[in-house]
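K.L.:
In the working numbering, the protein residues as written are 39 to 446.
Glycine is no exception: its CB is placed at the ideal position from the N, C-alpha and C atoms.
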C-alpha cells in the first residue's frame, strides 16, 4: 500500500479566514468545555446551527432517525456534483486530566476523540465556502451525532437522508495523535477495521472450590477459552493479509466474589476487529464466525461444559475509494508539500464513517495535531489534547476538498 503525507498550504482570502478562524477557535473551546453524549448533543447542535444561520445559511435538513444532527445545504447554482463533508458531535464518559489548559467542566465527560475539533473545523469550512466562487454544485455539511455509539451514521444511511439529497461523494477527517500539525495522511483502500461485538456464556456443573472434580470448573474453562481466543487469529488466519484482533474486554462469573464457590455459569465478551466481514471466507476456509464457534465449542466440550457464542455486527471496515483517492493524488502538483512518507495509516480502530464508505465513494483523512507537547496523548484517554494550530489545517482541508471535488 502506498501512503501519503499531505501538508495543506492553501491561499485564502485573509479577512474571510480571519473571521472564520475566530469563530472556529471560540466554538472549539466552547464545545470542549461542555461535552455532550451521543444522541444528547442538543446544546452542541444549537451552537453549530446558530453560527451557520448568522453566516446566512438558510437550508437545513432534518433526518427522521436523529434528533441532534445539523445538516446544512449550500447550493451554488453552478453545475457540479453534490458532495458531503462530515464531522461528529459526541463526547465520551472519561474524566479529563485537570491540568489541561482547556478542560471539560462536566465531571466524568470529555471530548477525548477530537469531535469538538472536527465540528469546529467543519464549521470554519462552511463559513468560508458560503460565498466562495471556486466551489460548484452542492455541498452538504453534516454534523453527525452518536459516532461513539450505535445509531449515528448507520441510522442516517438507513433513513436515506443523504441519498435523497443526491450525495455522490463523502469526505471526513480524524485527528491523529503524534502526527505533526500541518500533515494530513490519506491512502487508498481499507484504513480502519470493522468492529463487531461478541459475548460467550459458558455453562456446566458448579461445585465447592475444594472439590473441583465434582463439577466442571467453569471458571477455568472460561479462562482457557478467553486466552485462546485472543491468539486464535495468529494461529488460524494469515494476519498479514487478513488483519484480525479478538479482544476480551469483560468477564463476569456472578458469584458475588465468593472465594469458595466454583459457579455453574460464567460469561465474557469483547470485540472482533477485522478488515473483512465476520461472514466472509478466510484463506484457511470457513469464516471468522465459524472459526470462533468451533474453537469455543470444542474447548468447552473438553471440560464437559457447553458454550454459546453471540455475535453482533458493528461498523464495517472504513474503505477509501481507490479511484477517488487516485484522482485526489493526481492533484498533488497543486500542493508542493504533498509527499509519500512510507508510513502506514491502517489501524485496528473503527468508526461509523465506514457506513458511508459502503454507500458513496468516500475518503477519510488522518489529521496531524501534535506540536509543542500537545497532541501526543492517545484518543479515548484522559491525556488527549490537540494543538489549536491544527484547527486551521483541518478547516483548510475541508475547504480544498469542496473546491477540488466539485470542479471535477
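Going along the chain, which residues of its own chain have a beta-carbon closer than 7 angstroms to the beta-carbon of residue 349, five neighbours each way excluded?
P.N.:
234, 236, 316, 327.
K.L.:
Output needed for residue 203: all residues of its chain with C-beta closer than 6 angstroms, excluding positions within five of it in sequence on either side, in chain order.
P.N.:
Closer than 6 angstroms at the Cβ level, and outside the excluded window around residue 203, lie 178.
K.L.:
Go to residue 388, then tell me how far its beta strand (DSSP E) extends in each direction, as first and last residue.
P.N.:
Counting along the chain, residue 388 falls outside any beta strand (DSSP E), and DSSP gives it neither H nor E.
K.L.:
So, are the CB atoms of residue 126 and residue 111 less than 8 angstroms apart?
P.N.:
Taking 8 angstroms as the Cβ cut-off, residue 126 and residue 111 do not qualify as a contacting pair.
K.L.:
Roughly how many angstroms lie between the CA atoms of residue 444 and residue 209, to the nearest whole one?
P.N.:
When rounded, the distance between both Cα atoms is 12 angstroms.
K.L.:
Can you name the residues that DSSP bridges to residue 126?
P.N.:
In the DSSP output, where bridge partners are listed per residue, residue 126 has 182.
K.L.:
Quick test of the definition: if touching needs 3 or more C-beta pairs under 8 angstroms, does the segment 280 to 296 touch the segment 347 to 361?
P.N.:
Not touching, per the Cβ criterion.
K.L.:
From residue 81 to residue 123, what distance separates their C-alpha atoms?
P.N.:
Near 21 angstroms, if we compare the C-alpha coordinates of residue 123 and residue 81.
K.L.:
Excluding five sequence neighbours on each side, which residues of the same chain lie with their C-beta closer than 6 angstroms to the C-beta of residue 58?
P.N.:
If we look at residue 58 and ignore the five residues flanking it on each side, its Cβ neighbours are 162, 165, 166.
K.L.:
Can you tell me which of the three DSSP states residue 209 falls into?
P.N.:
The answer is strand: DSSP assigns residue 209 an E or B state.
K.L.:
Are residue 412 and residue 432 touching if we call contact CB-CB under 8 angstroms?
P.N.:
Their beta carbons are not under 8 angstroms apart, which means residue 412 does not touch residue 432 by this criterion.
K.L.:
Assign residue 196 to buried or exposed, taking buried as 16 or more other Cβ atoms, counted over all protein chains shown, within 10 Å of its Cβ.
P.N.:
Exposed, by the Cβ-count rule.
K.L.:
Taking 8 angstroms as the threshold (C-beta atoms), are residue 225 and residue 313 in contact?
P.N.:
No. Outside cutoff.
K.L.:
Determine the closest residue to residue 67 out of 337, 109, 92, 429, with distance taken between C-alpha atoms.
P.N.:
It is 429.
K.L.:
Run the CB neighbour count on residue 396, radius 10 Å, all protein chains shown included, and call it buried at 16 or more, exposed below.
P.N.:
Result: exposed.
K.L.:
Helix or strand or just coil, what does DSSP make of residue 407?
P.N.:
In this structure, residue 407 counts as strand in the three-state DSSP scheme.
K.L.:
I'd like the span of the beta strand (DSSP E) that includes residue 113, first residue to last.
P.N.:
Counting along the chain, the beta strand (DSSP E) containing residue 113 begins and ends at 108 to 113.
K.L.:
Is it a yes or a no for the segment 140 to 157 touching the segment 87 to 104, going by three-plus beta-carbon pairs under 8 angstroms?
P.N.:
No, the segment 140 to 157 is not in contact with the segment 87 to 104.
K.L.:
Between the alpha carbons of residue 65 and residue 99, how many angstroms are there, rounded?
P.N.:
Each residue's Cα considered, the two are about 22 angstroms apart.
K.L.:
Are the Cβ atoms of residue 217 and residue 149 separated by less than 8 angstroms?
P.N.:
It is not a contact, given that the beta carbons lie outside the stated cut-off.
K.L.:
Comparing alpha-carbon positions, which option in 121, 276, 434 lies nearest residue 319?
P.N.:
Measuring from the Cα of residue 319, the nearest candidate turns out to be 276.
K.L.:
In chain order, what residues of the same chain lie with their CB nearer than 7 angstroms to the CB of residue 174, ignoring the 5 residues before and after it?
P.N.:
The residues are 114, 116, 117, 118, 444, 445.
K.L.:
Sort 170, 332, 227 by Cα distance to residue 384 and report the nearest one.
P.N.:
It is 227.
K.L.:
Once DSSP output is grouped into helix, strand and coil, what is the label at residue 444?
P.N.:
Looking at residue 444 - three-state DSSP - the assignment turns out to be helix.
K.L.:
Could you name the residues that DSSP lists as bridge partners for residue 412?
P.N.:
Its beta-bridge partners are 409.
K.L.:
Can you tell which of 261, 139, 79, 364 has the C-alpha that lies nearest to the C-alpha of residue 425?
P.N.:
Closest option to residue 425, Cα to Cα, is 139.
K.L.:
Are residue 263 and residue 334 touching if we call contact CB-CB under 8 angstroms?
P.N.:
In contact: residue 263 and residue 334 (Cβ atoms closer than 8 angstroms).
K.L.:
What does residue 290 pair with, by DSSP beta-bridge criteria?
P.N.:
According to DSSP, which records beta bridges pairwise, residue 290 is partnered with 305.
K.L.:
Take the Cβ of residue 181 as the centre, count every other Cβ of all protein chains shown within 10 Å, and call the residue buried at 16 or more, exposed below.
P.N.:
So residue 181 ends up on the buried side.
K.L.:
Does the Cβ of residue 423 have 16 or more other Cβ atoms within 10 Å, making it buried, or fewer, making it exposed?
P.N.:
Under this definition residue 423 is a buried residue.
K.L.:
Would you say residue 343 and residue 401 are within 8 angstroms of each other, going by their C-beta atoms?
P.N.:
Result no, Cβ atoms of residue 343 and residue 401 do not sit closer than 8 angstroms.
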